[in-house]
Structures are given as C-alpha cells and as structure tokens.
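J.: Throughout the sequence shown, residue numbering follows this note's numbering, covering 19 to 572 in sequence.
Glycine included, C-beta positions come from ideal geometry on N, C-alpha and C.
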Amino acid sequence: MSPEIAGVLQLLALIAALALAYRPLGDYMARVYSSEKHYKPEKWIYKAIGANPTAEMRWPAYLRGVLAFSAVSVLFLYGLQRAQGILPGSLGFQAIDPDQAFNTAASFVANTNWQSYYGEQAMGHVVQTGGLAVQNFVSAAVGMAVAVALVRGFARSRTGELGNFWADLVRGTVRILLPIAVIGAIVLVACGAIQNFAGIHEVGQFTGGAQQWNGGAVASQEVIKELGTNGGGYFNANSAHPFENPTPFSNLFEIFLILVIPFALTRTFGRMVGNLRQGYAILATMAIIWLGFTALMMWTEFAGKGPAFEVSGGAMEGKETRFGIGASAIFSVATTLTSTGAVNSFHSSFTGFGGGIQLLGMQLGEIAPGGVGSGLYGMLIMAIIAVFIAGLMVGRTPEYLGKKIGTREIKLAACYILITPALVLCFTAAAMALPTPPNSMLNSGAHGFSEVLYAYTSGANNNGSAFAALNADTQWFNSTIGIAMLLGRFLPMVFVLALAGSLAGQKPVPETAGTLRTDKPLYAGLLVGTIVIITGLTYFPALALGPLAEGLAS
19 MSPEIAGVLQ
29 LLALIAALAL
39 AYRPLGDYMA
49 RVYSSEKHYK
59 PEKWIYKAIG
69 ANPTAEMRWP
79 AYLRGVLAFS
89 AVSVLFLYGL
99 QRAQGILPGS
109 LGFQAIDPDQ
119 AFNTAASFVA
129 NTNWQSYYGE
139 QAMGHVVQTG
149 GLAVQNFVSA
159 AVGMAVAVAL
169 VRGFARSRTG
179 ELGNFWADLV
189 RGTVRILLPI
199 AVIGAIVLVA
209 CGAIQNFAGI
219 HEVGQFTGGA
229 QQWNGGAVAS
239 QEVIKELGTN
249 GGGYFNANSA
259 HPFENPTPFS
269 NLFEIFLILV
279 IPFALTRTFG
289 RMVGNLRQGY
299 AILATMAIIW
309 LGFTALMMWT
319 EFAGKGPAFE
329 VSGGAMEGKE
339 TRFGIGASAI
349 FSVATTLTST
359 GAVNSFHSSF
369 TGFGGGIQLL
379 GMQLGEIAPG
389 GVGSGLYGML
399 IMAIIAVFIA
409 GLMVGRTPEY
419 LGKKIGTREI
429 KLAACYILIT
439 PALVLCFTAA
449 AMALPTPPNS
459 MLNSGAHGFS
469 EVLYAYTSGA
479 NNNGSAFAAL
489 NADTQWFNST
499 IGIAMLLGRF
509 LPMVFVLALA
519 GSLAGQKPVP
529 ETAGTLRTDK
539 PLYAGLLVGT
549 IVIITGLTYF
559 PALALGPLAE
569 GLAS
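(1) Under 8 Å, with one C-beta from each stretch per pair, do the stretch 413 to 421 and the stretch 202 to 214 reach the 3-pair mark?
(2) Can you find the residues in the same chain that come closer than 7 Å, C-beta to C-beta, to A299, ignoring five residues on each side of it along the sequence?
(3) Using the C-alpha atoms, what's the distance from K58 back to E74?
(4) Should M19 be labelled buried (16 or more other beta-carbon atoms within 10 Å of its own) or exposed?
(5) If the criterion is Cβ atoms closer than 7 Å, does the pair D491 and S108 meet it?
(6) Using three-state DSSP, classify S363 as helix, strand or coil.
(7) Let me check one thing: in DSSP terms, what residues is I218 bridge-paired to?
(8) Can you tell me which residues form a DSSP beta bridge with R289?
(9) Which same chain residues end up closer than 6 Å to I279 when comparing Cβ atoms and leaving out the 5 residues on each side of it in sequence?
(10) Assuming F11 contacts L563 under a Cβ cut-off of 8 Å, what Cβ separation, rounded to an integer in Å, is found between them?
(11) What does DSSP give as the partner residue(s) for K337 in the beta ladder?
(12) Taking its Cβ as the centre, do 16 or more other Cβ atoms sit within 10 Å of W62, making it buried, or is it exposed?
(13) Alpha carbon to alpha carbon, how far is L36 from L29?
(14) Can you give me the start and stop residues for the alpha helix (DSSP H) that E74 sits inside?
(15) Work out the CA separation of N121 and G477 for me, nearest whole Å.
(16) Check Y46 in the structure and name its three-state DSSP category.
(17) If you measure between the beta carbons of A487 and F445, is that distance less than 7 Å?
(18) Roughly how many angstroms lie between the CA atoms of S91 and F126, to the nearest whole one?
(19) Would you list the one or two residues that DSSP bridges to E138?
(20) Only counting the same chain, and skipping five residues up and downstream in sequence, which positions put a Cβ closer than 7 Å to that of Q524?
(21) Where does K61 sit, in a helix, a strand or coil, going by DSSP?
(22) Check whether the Cβ atoms of G25 and G344 sit closer than 7 Å, and answer yes or no.
(23) If you drop the 5 nearest sequence neighbours on each side, which residues of the same chain put their C-beta closer than 7 Å to that of H56?
(24) For Q493, count neighbouring Cβ atoms within 10 angstroms of its own Cβ and tell me buried if that reaches 16, exposed if not.
(25) On the three-state DSSP scale, how would you describe K243?
(26) Answer with buried or exposed for R295, where buried requires no fewer than 16 other C-beta atoms within 10 angstroms of its C-beta.
(27) Thinking just about the alpha-carbon of each residue, which of F371, E179, N248 and L95 is nearest to the one in A571?
(28) Can you say whether F320 is buried or exposed, counting buried as having 16 or more other CB atoms within 10 angstroms of its CB?
(29) For my contact list, Y395 and L168 are in at a C-beta cut-off of 8 Å; report their separation, rounded to the angstrom.
(30) So what does DSSP say about E179, is it helix, strand or coil?
(31) Could you tell me which residues DSSP puts in a beta bridge with Y472?
(32) Buried or exposed: where does R426 fall if 16 or more other Cβ atoms within 10 Å of its Cβ makes it buried?
(33) Between P42, L32, G383 and E240, which lies nearest to V442 when the distance is taken from Cα to Cα?
(34) So, is T339 buried or exposed, given that buried needs 16 or more other C-beta atoms within 10 angstroms?
(35) Near V145, which residues of its chain fall below 7 Å by C-beta distance, leaving aside the five closest residues on each side in sequence?
(36) Ignoring anything shorter than 4 residues, give me the alpha helix (DSSP H) runs that lie fully in the stretch 254 to 301, in order along the chain.
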C-alpha cells in the first residue's frame with residue numbers, strides 16, 4: 019500500500035469515528051449544561067469553594083468568575099513551580115526560574131500549553147500531575163463554559179442572565195472531561211503508553227554515556243492534553259515520543275480526542291438553541307475548512323521535489339517513521355486548527371508551504387473546529403460578521419438566530435477579531451526590531467522570521483505548538499509570550515460574554531421572507547469566504563515575508 023493511500027484511509031477512518039460520536043456526545047453535553055440536578059461530588063465541590071450553583075449570573079458576574087478562577091490558578095501553578103525543590107516527588111529537580119514559571123503558569127491556565135523547557139528534565143511528578151494535568155482539565159472546562167454562556171445568549175430572550183459559571187465549570191469537568199479521560203487513558207495504556215510514578219533510571223549505554231529516562235503518569239496526562247485541546251507534553255518530543263504515543267493506532271486515537279468535543283459542540287449548540295440545522299451549518303463550515311487544510315497539507319508534504327524527497331516518498335524530515343507523512347499531516351492540521359499544542363512531528367521541518375498552512379490554521383482563529391469551547395464561540399463570532407456583511411449587501415438590518423445584530427453587537431464582534439492579530443503582529447515586529455531577540459533564531463531569512471511569527475501566533479491564539487528551532491527560553495520570549503497568551507485568552511472572553519449578555523437581553527425577532535437563512539449551504543459558503551478573506555487581509559503581508567517566500571524559493 020502506498021503512503022498516500024494509507025494516509026487517505028486513516029483520514030476516512032477518523033471521519034467515520036467522529037461521525038459516530040457526533041450525535042450522542044453532542045446531545046449528552048447539551049443535557050449536561052441544561053440540567054438542574056447536582057450530583058453529590060459536585061455539591062461537595064460547591065461547598066468547598068463557597069459557590070451557589072443555582073444563582074443565575076449576568077455577564078459581568080460570569081466574567082468575574084472566569085477571571086478570578088483563572089487568576090488564582092496562575093498564582094497556584096506559579097507557586098507550585100517555584101516550590102518544586104522542596105516538594106516530594108520532585109525527582110531532584112530544582113525550582114523553576116521566575117520568568118519560566120510565569121510563562122508556564124500563564125500557558126497552562128490559558129489552555130495554551132506552550133513549553134519553553136524540556137519536560138523530562140525540569141518538572142517532577144507533583145508539578146506535572148498536581149499542577150499541569152489539573153490545569154489541562156479546568157482550563158478546557160473554562161473555555162466550554164464561556165461557549166455555553168454565548169449559546170445561552172442566543173437561546174434566551176429579555177434577560178441578561180447567562181447561567182452560573184461555577185456550575186458550568188464543575189459540570190464540564192466532572193461529567194464530560196473526566197469520564198472520557200478515564201476511558202481514553204485505559205486505551206492509551208493498552209497501546210503501550212506508560213502510567214507510573216517511577217524515578218529517573220538508565221536505559222542503556224550509548225556513545226558518550228548512559229541515557230536516562232524518568233517515568234510518570236503519562237497516559238492520563240496525554241489523554242486530557244488532547245481531549246481538552248491543551249497540548250503540553252510530558253516529554254520534550256511531545257506526541258512524537260513513544261512513551262506518549264506508541265503506535266499508529268494510538269496516534270489516530272489521539273487525533274480523534276483532539277477533534278471530538280469541538281465538532282460535537284456544534285450539535286450541542288443546535289440542541290440548545292432549538293434548531294439542529296443551525297448546528298449543522300456551523301459543522302459544515304468547520305468541516306470544509308478542516309478537510310481543505312488537511313488535503314493541502316498532505317499534498318504539499320507528499321509532493322516534495324528532489325532526490326531526497328523522491329527516495330523517502332515525500333518530506334520525511336522531522337517525521338516519525340512509525341507514523342509517516344499522511345498521519346503526521348493529519349495530526350499537524352488537527353493541532354493547528356484547534357488550540358492544541360501537541361505535535362507528533364517537528365513543524366519546523368515541514369515544507370515551506372506546509373509551515374504556512376500550519377500558521378494560517380492558527381491565524382484563522384482556530385475555529386475549524388477550534389479548541390474546546392473557544393472554537394465554537396470563535397466561529398459564532400465569525401457567523402455574526404458574515405451575517406452583518408450579508409446585511410450590508412442587501413441593505414437590511416442583519417439578524418442571526420432571531421437576534422438583531424446592531425451597533426453594539428458588531429462592535430463587540432469586531433473587537434474580538436482584532437485582538438489576536440494585534441498581539442501577534444505587534445509582538446513579532448518588536449522581536450524582529452530589537453537587537454537581542456533575533457539571536458534566538460536558529461535559521462536566518464524567511465524561515466527564521468517564520469520561527470518568530472509562529473511563536474507569537476501560537477501564543478496569542480492559545481495553541482502552544484512551536485517550530486522547535488527558536489530558543490524561546492529567554493527572559494524576553496518567556497515574558498512576552500506569557501503576556502500574549504494571557505491577553506489572547508481572556509480579552510476575547512470579555513467581548514464574548516458582553517456579546518452574550520447583549521443578545522440575551524433582546525426580544526426575539528420573527529423570521530420574515532427577507533430573513534437570511536443561516537442554515538443553508540449558501541450561508542455556509544459565505545461564512546467560509548468571510549473567514550478566509552478577513553484572515554488573508556490581516557496576515558498576508560507577514561505570511562509573504564515568511565512561509566510564502568520560503569516556499570516559492572524552494
């Protein structure tokens with residue numbers, strides 16, 4: 019079987035698995051977030067944190083809950099890293115430096131999981147399991163909670179109430195993420211991923227000395243890093259490491275975990291607003307972009323010209339032989355079109371155009387299907403923009419799901435889509451203009467510029483993957499990328515929740531003959547075009563200086 023056919027067959031198997039999970043998981047999540055029942059473990063948590071899960075919140079109160087919980091999480095994770103030297107199970111590792119501790123705390127709380135350190139050489143069991151793995155759960159649950167709040171904004175009328183943040187946070191963690199993670203961890207252990215609390219041990223004698231490895235609760239952390247679209251690896255090689263991702267089956271299973279909740283949330287959205295066709299329209303938009311990007315990535319990686327490419331069957335540099343080009347391309351697109359920093363190959367080793375596809379996937383806003391929660395609310399913002407553009411074309415006040423998109427709503431949506439590009443481009447320009455940051459680039463020219471652009475794109479979009487050639491463990495990059503991650507995560511949430519409150523306070527607008535049907539293929543096509551055009555106009559100059567220039571020169 020040729021590598022191309024193998025890659026296509028894996029893609030078809032993945033699509034089939036996602037299709038089977040779509041309806042039951044989407045409906046289940048809708049029931050979770052609509053339920054009025056509280057289970058005993060949840061009641062214990064509410065009592066411990068002093069929260070009243072039945073109290074409805076308006077958007078400012080909901081936002082305060084998000085920000086307060088996240089601020090406490092940053093402080094806790096920062097303190098845990100700084101105290102590592104005196105903690106049990108530290109494996110002899112010392113406290114993390116202040117700038118790196120800040121960067122890592124911001125990264126995992128912001129659901130980014132950007133890592134400027136070697137996991138197996140820096141973090142002990144307590145920090146990995148009690149700090150990083152916990153944030154993998156709750157940061158994902160925060161994103162899902164904000165998405166559900168926006169959905170309630172569309173579903174409710176004449177009220178500013180969006181639900182209860184603490185109830186949404188706990189339910190998302192206890193009823194959705196934890197059960198799937200337990201099952202997924204068992205599957206990964208069966209595939210060969212390790213799960214222990216072993217210390218550092220030597221595995222053999224090699225030229226220059228013995229090689230050392232440390233164990234850890236890898237399978238349980240691996241499953242939630244993918245399921246919660248987090249991405250931080252227990253080992254520096256991330257999901258290319260055989261302890262994290264042992265076999266081709268485990269690789270495909272991890273891709274499934276990355277995509278299953280973001281895609282299924284479109285069903286949850288349709289169920290909660292009482293119109294499943296609207297969920298299918300959003301799903302179709304996401305699927306078109308994801309499949310298009312996957313096809314382009316597979317084509318550019320298989321179509322490499324030159325003797326080395328021809329002998330290996332494509333661009334095999336930086337890719338695991340046990341996965342091959344097809345599975346590496348599918349994994350790469352899945353991670354860069356979601357907010358998942360996991361990698362099973364080195365993104366810096368992809369072709370010039372391949373690196374451009376990865377960058378563009380993040381720059382779209384990671385909405386196809388996007389991160390858990392963040393992908394859905396990002397796509398709904400773009401849906402509002404598309405409706406507004408359609409309204410301008412026909413001279414009619416735009417409406418979406420029975421809500422008028424007025425001046426306030428479009429301003430909030432515009433602020434949302436401008437925040438991340440401003441962070442990416444301003445920080446990239448500053449890094450390239452100052453004398454010291456460019457010293458961290460391994461390569462010069464277009465590829466070196468792509469390394470810096472990729473780092474800030476990954477950070478501000480809360481992705482977390484890296485080109486791997488940039489030395490980001492410096493005070494400049496640790497600090498600026500940490501700031502970009504926090505602002506890129508929480509500033510958009512401000513506008514999303516404000517928009518949700520504005521929509522929930524409106525009275526429903528009856529559908530007329532002039533209402534744009536947003537559940538039809540025509541609208542899905544308009545939405546795809548809106549996303550591509552807005553991103554292209556914003557990032558094209560930067561992409562032309564980096565991956566496009568490199569691809570055309572090769």
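T.: Checking against the coordinates, here is how it stands:
(1) The answer is no - the stretch 202 to 214 does not touch the stretch 413 to 421, with fewer than three Cβ pairs under 8 Å.
(2) Excluding sequence neighbours, A299 sits near T536, D537, Y541 and A542.
(3) Near 20 Å, if we compare the C-alpha coordinates of K58 and E74.
(4) It is exposed - the Cβ of M19 has fewer than 16 other Cβ atoms within 10 Å.
(5) No. Outside cutoff.
(6) The three-state secondary structure of S363, taken from DSSP, is strand.
(7) Listed as beta-bridge partners of I218 by DSSP are N232.
(8) According to DSSP, R289 bridges with nothing at all.
(9) Closer than 6 Å at Cβ, skipping near neighbours: V390.
(10) Since the first and last residues shown for the chain are 19 and 572, residue 11 lies out of range.
(11) Per DSSP, S363.
(12) If you draw a 10 Å sphere on the C-beta of W62, you find fewer than 16 other C-beta atoms in it, and that means exposed.
(13) The alpha-carbon atoms of L36 and L29 are separated by roughly 11 Å.
(14) For E74, no alpha helix (DSSP H) run applies, since DSSP gives it neither H nor E.
(15) It is roughly 10 Å from the alpha-carbon of G477 to the alpha-carbon of N121.
(16) Under the three-state reduction of DSSP output, Y46 falls in the helix class.
(17) It is not a contact, given that the beta carbons lie outside the stated cut-off.
(18) Take the alpha-carbon of S91 and the one of F126: they are about 9 Å apart.
(19) When DSSP reads this structure, E138 sits in no beta bridge, so it has no partner.
(20) If we look at Q524 and ignore the five residues flanking it on each side, its Cβ neighbours are S175, K421 and K422.
(21) Note: K61 maps to helix in three-state DSSP.
(22) By the CB criterion at 7 Å, G25 and G344 fall inside the cutoff.
(23) Correct list, in chain order: P71.
(24) Around the Cβ of Q493, a 10 Å sphere holds fewer than 16 other Cβ atoms; the residue is exposed.
(25) The answer is helix: DSSP assigns K243 an H, G or I state.
(26) Taking all protein chains in view, the Cβ of R295 is surrounded by fewer than 16 other Cβ atoms within 10 Å, so the residue is classified as exposed.
(27) By alpha-carbon distance to A571, the top candidate from F371, E179, N248 and L95 is F371.
(28) Looking at its Cβ environment, which holds 16 or more other Cβ atoms inside 10 Å, F320 is buried.
(29) Correct: roughly 5 Å between the Cβ atoms.
(30) Strand.
(31) According to DSSP, Y472 bridges with nothing at all.
(32) When all chains shown are included, R426 counts as exposed.
(33) Checking every option, the nearest Cα to that of V442 belongs to G383.
(34) Residue environment analysis places T339 among the exposed positions, since fewer than 16 neighbouring C-beta atoms fall within 10 angstroms of its C-beta.
(35) By the criterion of a C-beta distance shorter than 7 Å, V145 is surrounded in its chain by L98, Q99 and Q102, once the five residues flanking it on both sides are discounted.
(36) Whole alpha helix (DSSP H) segments, 4+ residues: 266 to 291.
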